[in-house]
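A.B. asks:
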Amino acid sequence: MKYPIAFALTLAFASFSCSVKAEPVAQTAAQPVAQAAARLAANPRPISYAELQAALAAPDSSVLIVDVRTREEFDEGHIPDSLLFPYDLIEASAKDFSALAGSPDRSIVVYCRSGRRSAIAAESLVKLGYANVADLGPLAAWKGSLEK
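Here the sequence shown is numbered in numbering that gives the first Met the number 0, starting from 0 and rising by one per residue.
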């Protein structure tokens, strides 16, 4: 008597477990990939000196280069035609930055002394809705001359 009941219970559990519809593996594997791609697209990207030079040389270039260091550091030397906007003021003075940057689709490149502040500034700009933000990183990545 024990064995027929155990057999019936096993058969019942097996039939219930088979009735659960499994999602195709390709569909579930694609979801994290799509989410990661969306995160990468939203994040600021690194930019090299060569890439920045090419962007600046384009005839229709409207790249805005933003120095996110302090006034004292900026006065010691900065990338030609860059604007000073300290990283800790970007979110606090979003309207002022918007007036300087113009369109949220404009290409913006940020840099600082070591790369830490520019990374923070780039993330802040993405949070504020700027779509084309690139991070040059440290000023040492700039191979050209500096303005004082």
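Idealized CB from N, CA, C, for every residue including glycine.
With DSSP collapsed to three states, give me the class of Y191.
C.D. replies: Nothing can be reported for residue 191, as the shown portion of the chain is limited to 0 through 147.
A.B. asks: One question on the structure: do A133 and R44 come within less than 8 Å of each other, judged by their Cβ atoms?
C.D. replies: yes
A.B. asks: Please report the straight-line C-alpha distance between S144 and A91, rounded to a whole angstrom.
C.D. replies: C-alpha separation (whole angstroms): 31 Å.
A.B. asks: Is the Cβ-Cβ distance between L63 and A98 less than 8 Å?
C.D. replies: no
A.B. asks: Tell me, please, which residues DSSP counts as bridged to V109.
C.D. replies: V65 and D134
A.B. asks: Identify, in the order they occur along the chain, each residue of the same chain with its Cβ nearer than 7 Å to the Cβ of D104, setting aside the five sequence neighbours on each side.
C.D. replies: A130 and N131
A.B. asks: What's the C-alpha gap between I119 and R68?
C.D. replies: 12 Å
A.B. asks: DSSP beta-bridge partners for L83?
C.D. replies: D66
A.B. asks: Mind checking who E146 pairs with in its DSSP beta bridge?
C.D. replies: Note: E146 sits in a beta bridge opposite H77.
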